[in-house]
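Trainee: Before we start, here is the structure in question, set down as structure tokens.
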Amino acid sequence: MPGTLTSKRFKVDDMAAAVDFCFDRGWSDGLPVVPPTESAVGAMLDAVRLAPDAKLAYIRDRFVTVTAEKVAINAVMAGCKPEYMPVVVAAVEGIGDEGWSYHGPGTSTAGAAVLMIVNGPIARELDINAGDNLFGPGWRANLTIGRAVRLVMRNVCGSMPGLLDRGTVGHPGKLSYVIAENEAESPWTPLHVERGFRPEQSTVTVMAAEGPHQFYNQLSSTAEGVLITLADSMRISGNVMGQPHYCLVLAGEHMKTIAADGWDKKRIRQFVWEHTQNAHAHLKRTQRMAGAPEAGDESRMRPLVAAPDDILVVAAGGRAGAFSCFIPGWSSAKSSAAITKEIKR
Amino acid sequence: MSIEILDPTTPASPRPIEYSPRPGSLAGKRVALIENTKFNSDKLLQRIGQILKAEHGIAEWTMYRKHNASVPAHEEIIAAIKTSADVMVAGIGD
Chain A
53 MPGTLTSKRF
63 KVDDMAAAVD
73 FCFDRGWSDG
83 LPVVPPTESA
93 VGAMLDAVRL
103 APDAKLAYIR
113 DRFVTVTAEK
123 VAINAVMAGC
133 KPEYMPVVVA
143 AVEGIGDEGW
153 SYHGPGTSTA
163 GAAVLMIVNG
173 PIARELDINA
183 GDNLFGPGWR
193 ANLTIGRAVR
203 LVMRNVCGSM
213 PGLLDRGTVG
223 HPGKLSYVIA
233 ENEAESPWTP
243 LHVERGFRPE
253 QSTVTVMAAE
263 GPHQFYNQLS
273 STAEGVLITL
283 ADSMRISGNV
293 MGQPHYCLVL
303 AGEHMKTIAA
313 DGWDKKRIRQ
323 FVWEHTQNAH
333 AHLKRTQRMA
343 GAPEAGDESR
353 MRPLVAAPDD
363 ILVVAAGGRA
373 GAFSCFIPGW
383 SSAKSSAAIT
393 KEIKR
Chain B
314 MSIEILDPTT
324 PASPRPIEYS
334 PRPGSLAGKR
344 VALIENTKFN
354 SDKLLQRIGQ
364 ILKAEHGIAE
374 WTMYRKHNAS
384 VPAHEEIIAA
394 IKTSADVMVA
404 GIGD
């Protein structure tokens, strides 16, 4: 490891005492952490060939520089293997990007988590789950990479629940919210290629997001049939007055049904964008838009996002089961853009 | 055997904030109200403007609107307020 670790050091009796010490100092998300020893932190930094003082992000509203050393310490605590570290680094660069606008999703009462979508060869190499039980337990990479990012937000960027992180209800994705796209079985262009990267590059896309909303369609055998159910479930969700993004996560059976009709991601986005718009009259009657309905409001439509391209489409989830999900973004249009960063190795 | 662990935190760096001098009285002052775009924030600030006029004798109040709630007031607003107001009211919250 080039360079010296400069973080303050604490001596504790043993590993068990170290776990309790981290709880007592307020460094944990509520689960036990792996004690961050110098050798473990050094291995994290070696995995990305970064000096401890390398600057990965600057959080403007907090005047905080996020260094590789602090990211490595939090990655150890989260339970990451050293080989996960490049993904954590790229995700931290993502939430530090000006376009992601950290201060909003890092603090907001609307309770966004950082949805992280991993693309490219690294997803398969690290066994980042893209299949069964997609958002659930069972995969170390999925649970510890996201946890590391959230620990950085807490311990470095100051997003402490109840203090600077004021999520009113929050959601479990704030512990970890990492998926990979199922590129091996997907019939579609991968998300990172749509966003300007080459297929052989590895990337992580960060999006400020609510939790996943599952929808059922066990009936239809057509693309339009599945997607009209999706659109009907999605039309009233999130901040219906306008959001920066939605993410559609289309799982095995739905993916195959939609692809069998020849629909690509562009057509999916266009269809869903057109079929999730709300009449101003409905938004006013249901107290989502101010004012009383006026002439023309029944046919005056408001889309969930400004343009079809604001909808991210990802192929992921188990092969069996006619279920998929949509994920609303956070806050209002233009408040936080999804950012894709290359995972450098 | 004891072990040594590393501190994962970075304290926020302290920074000096210089406050403008407060006026002794609001009478005759021009007041800028900064609206954060959230529902009803304009109504709340309008009411504050009315109270400042009725009870404290301000000359006028003007409402400014941020781009969105999660970002600081943008340069154009700050520049306008510097030349057209003596006092401003900014609200944070939902």
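Those sequence lines, one after another, are chains A and B.
The opening residue of the first sequence carries number 53 in the working numbering; numbering runs sequentially from there.
The opening residue of the second sequence carries number 314 in the working numbering; numbering runs sequentially from there.
Glycine residues also receive a C-beta, built at the ideal position from the N, C-alpha and C atoms.
Being a predicted model, the structure only gives us computed values, none of them experimental.
1) By Cβ distance below 8 Å, which residues in the same chain neighbour Lys-396(A) in space, the five residues on each side in sequence not counted?
2) Is the CB of Arg-335(B) under 8 Å away from at least one CB in chain A?
3) What runs of the alpha helix (DSSP H), each 4 residues or longer, lie entirely inside the region 106 to 177 of chain A?
4) Grouping DSSP H, G and I as helix and E and B as strand, with all else coil, what is Pro-380(A)?
5) In chain order, which continuous runs of the beta strand (DSSP E) of length 3 or greater are located wholly inside the region 358 to 405 of chain B?
6) What does a CB cutoff of less than 7 Å around Glu-145(A) pick up in its chain, not counting 5 residues either side in sequence?
7) State the CB to CB distance for the pair Ala-120(A) and Leu-203(A), rounded to an integer number of angstroms; the pair is presumed to be in contact (CB under 8 Å).
8) So Arg-61(A) is in the beta strand (DSSP E); what residue range does that whole segment cover?
9) Confirm, please, whether the CB-CB distance from Glu-233(A) to Ala-367(A) is below 8 Å.
10) Please tell me whether Met-205(A) has its Cβ less than 8 Å away from any Cβ of chain B.
11) According to the neighbour-count rule (16 or more other Cβ atoms, all chains shown, within 10 Å of its Cβ), is Arg-362(A) buried or exposed?
12) If we define contact as Cβ-Cβ less than 8 Å, is Leu-319(B) a contact residue for chain A?
13) So, at 6 Å on beta carbons, what are the nonlocal neighbours of Gly-219(A) in its own chain, with the 5 sequence-adjacent residues on each side left out?
14) Does Phe-75(A) come out as helix, strand or coil in the three-state DSSP assignment?
15) How is Asn-330(A) classed by DSSP in three states: helix, strand or coil?
16) Would the beta-carbon of Gln-253(A) fall within 8 Å of that of Gly-172(A)?
17) When DSSP labels each residue in this structure, what does Met-259(A) get in the three-state scheme?
18) Going by DSSP, which residues form a beta bridge with Met-353(A)?
19) Please work out which residues of its chain come closer than 6 Å, Cβ to Cβ, to Val-208(A), disregarding the five sequence neighbours upstream and downstream, and give them in chain order.
20) For a contact meaning CB atoms closer than 8 Å, what does Val-400(B) contact in chain A?
21) Give me the residue from Lys-395(B), Ala-398(B), Asp-399(B), Leu-319(B) with the minimum Cα distance to Val-93(A).
22) Please determine if the region 364 to 381 of chain B and the region 339 to 352 of chain B are in contact, where contact requires at least 3 C-beta pairs separated by less than 8 Å.
23) Following the continuous alpha helix (DSSP H) through Lys-308(A), name the residue where it begins and the one where it ends.
24) Alpha carbon to alpha carbon, how far is Val-85(A) from Val-71(A)? Give it in angstroms, no decimals.
25) Quick check on the burial criterion: 16 or more other C-beta atoms within 10 angstroms. Buried or exposed for Gln-295(A)?
26) If I follow the unbroken alpha helix (DSSP H) through Ile-280(A), where does it start and stop?
27) Could you name the residues of chain B that Leu-57(A) contacts, counting a contact when the two beta carbons are closer than 8 Å?
28) Suppose the cutoff is 7 Å on Cβ atoms and the five residues either side in sequence are ignored; what does the same chain contact list for Glu-90(A) look like?
29) Counting only beta-carbon separations shorter than 8 Å, does Asn-453(B) have a partner in chain A?
30) Note down, in chain order, every chain A residue with its Cβ under 8 Å from the Cβ of Ala-325(B).
31) Looking at chain B, which residues of the region 115 to 142 of chain A have a Cβ within less than 7 Å of any of its Cβ atoms?
32) Alpha carbon to alpha carbon, how far is Gly-290(A) from Arg-360(B)? Give it in angstroms, no decimals.
33) Is the Cβ-Cβ distance between Gly-277(A) and Asp-217(A) less than 8 Å?
34) On the DSSP bridge assignment, give the partners of Lys-396(A) in chain order.
Mentor: Per the coordinate set shown:
1) The residue labelled residue 396(A) in the question sits at position 344 within the first sequence. Shown here for Lys-396(A): same chain residues with a beta carbon closer than 8 Å to its own, the five before and five after excluded, namely Val-100, Pro-138, Val-141, Ala-142 in chain order.
2) Along the second sequence, read from residue 1 onward, the residue named residue 335(B) stands at position 22. Not one chain A Cβ lies under 8 Å of Arg-335(B).
3) Taking 4 residues as the minimum length, the alpha helix (DSSP H) runs contained wholly in the region 106 to 177 of chain A are 120 to 130, 137 to 147, 173 to 177, in order along the chain.
4) To locate residue 380(A), count along the first sequence from 1; it is residue 328. Looking at Pro-380(A) - three-state DSSP - the assignment turns out to be strand.
5) For the region 358 to 405 of chain B, the continuous beta strand (DSSP E) assignments of 3+ residues that do not extend past its boundaries occur at 373 to 378, 400 to 403, in sequence order.
6) Start at 1 with the first residue of the first sequence, and residue 145(A) comes out as number 93. Around Glu-145(A): Leu-108, Ala-109, Lys-393.
7) Mapped onto the first sequence, residue 120(A) falls at position 68. Mapped onto the first sequence, residue 203(A) falls at position 151. The Cβ separation is near 15 Å, so there is no contact.
8) For the purposes of this step, residue 61(A) is identified with residue 9 of the first sequence, where counting begins at 1. Going by DSSP, Arg-61(A) is part of the beta strand (DSSP E) stretching over 61 to 64.
9) Reading the first sequence from its first residue, position 315 is the one you call residue 367(A). Reading the first sequence from its first residue, position 181 is the one you call residue 233(A). Less than 8 Å separates the beta-carbon of Ala-367(A) from that of Glu-233(A).
10) Here residue 205(A) refers to the residue found at position 153 of the first sequence. No, its Cβ sits nowhere closer than 8 Å to a Cβ of chain B.
11) Numbered from its first residue, the first sequence carries residue 362(A) at position 310. Note that residue 362(A) corresponds to Asp in the displayed sequence, not to Arg. Per the 10 Å Cβ criterion, buried.
12) The residue you call residue 319(B) lines up with position 6 of the second sequence. Closer than 8 Å: yes.
13) Within the first sequence, numbered from 1, the residue matching residue 219(A) stands at position 167. Apart from sequence neighbours up to five positions away, the residues of its chain that approach Gly-219(A) with a beta-carbon distance below 6 Å are Gly-163, ordered along the chain.
14) One-based indexing of the first sequence puts residue 75(A) at position 23. The answer is helix: DSSP assigns Phe-75(A) an H, G or I state.
15) Indexing the first sequence from 1 puts residue 330(A) at position 278. Correct three-state label for Asn-330(A): strand.
16) Residue numbering aside, residue 253(A) sits at position 201 when the first sequence is read from its first letter. Residue numbering aside, residue 172(A) sits at position 120 when the first sequence is read from its first letter. Less than 8 Å divides the Cβ of Gln-253(A) from the Cβ of Gly-172(A).
17) To locate residue 259(A), count along the first sequence from 1; it is residue 207. Strand at Met-259(A).
18) Your numbering for residue 353(A) matches position 301 in the first sequence. Answer by DSSP bridge pairing, in chain order: Ala-331(A).
19) Residue mapping note: residue 208(A) aligns to position 156 of the first sequence, counting from 1. Taking Val-208(A) as the centre and dropping the five residues before and after it, the same chain places the C-beta of Val-118, Lys-122 closer than 6 Å to its C-beta, in chain order.
20) Locating residue 400(B) in the second sequence gives position 87, where the first residue counts as 1. Within 8 Å Cβ-Cβ: nothing; Val-400(B) doesn't reach chain A, min ~24 Å.
21) On the first sequence, residue 93(A) is found 41 positions in, with the first residue counted as 1. Comparing Cα positions, the closest option is Leu-319(B).
22) Taking one beta carbon from each stretch, the region 364 to 381 of chain B and the region 339 to 352 of chain B have 3 or more pairs nearer than 8 Å; the two touch.
23) What you label residue 308(A) is simply residue 256 of the first sequence in a count that begins at 1. Where Lys-308(A) is concerned, the enclosing alpha helix (DSSP H) stretches over 304 to 312.
24) Along the first sequence, read from residue 1 onward, the residue named residue 71(A) stands at position 19. Along the first sequence, read from residue 1 onward, the residue named residue 85(A) stands at position 33. In this structure, the alpha-carbon of Val-71(A) lies about 6 Å from that of Val-85(A).
25) For the purposes of this step, residue 295(A) is taken as the residue at position 243 of the first sequence. When all chains shown are included, Gln-295(A) counts as buried.
26) As a first step, residue 280(A) is located in the first sequence; it is residue number 228 there, counting from the start. In the DSSP assignment, Ile-280(A) falls within the unbroken alpha helix (DSSP H) covering 275 to 286.
27) Counted from its first residue, the first sequence places residue 57(A) at position 5. Against Leu-57(A), the close residues of chain B are Leu-319, in the order they occur along the chain (beta-carbon pairs closer than 8 Å).
28) Along the first sequence, read from residue 1 onward, the residue named residue 90(A) stands at position 38. Setting aside the 5 residues that flank it on each side, Glu-90(A) is surrounded in the same chain by Leu-57, each with a C-beta closer than 7 Å to its C-beta; the list follows chain order.
29) Because chain B here runs from 314 to 407, residue 453(B) falls outside it and cannot be looked at.
30) Counted from its first residue, the second sequence places residue 325(B) at position 12. Within chain A, the residues near Ala-325(B) are Arg-114, Phe-115, Val-116, Gly-210.
31) Correct list: Phe-115, Val-116, Lys-122, Ile-125, Asn-126, Met-129.
32) For the purposes of this step, residue 360(B) is taken as residue 47 along the second sequence, with counting starting at 1. For the purposes of this step, residue 290(A) is taken as residue 238 along the first sequence, with counting starting at 1. Take the alpha-carbon of Arg-360(B) and the one of Gly-290(A): they are about 30 Å apart.
33) Position 225 of the first sequence, counted from the first residue, corresponds to residue 277(A). Position 165 of the first sequence, counted from the first residue, corresponds to residue 217(A). Not a contact, by the Cβ cut-off of 8 Å.
34) Numbered from 1 along the first sequence, position 344 holds the residue referred to as residue 396(A). In the DSSP output, where bridge partners are listed per residue, Lys-396(A) has none listed.
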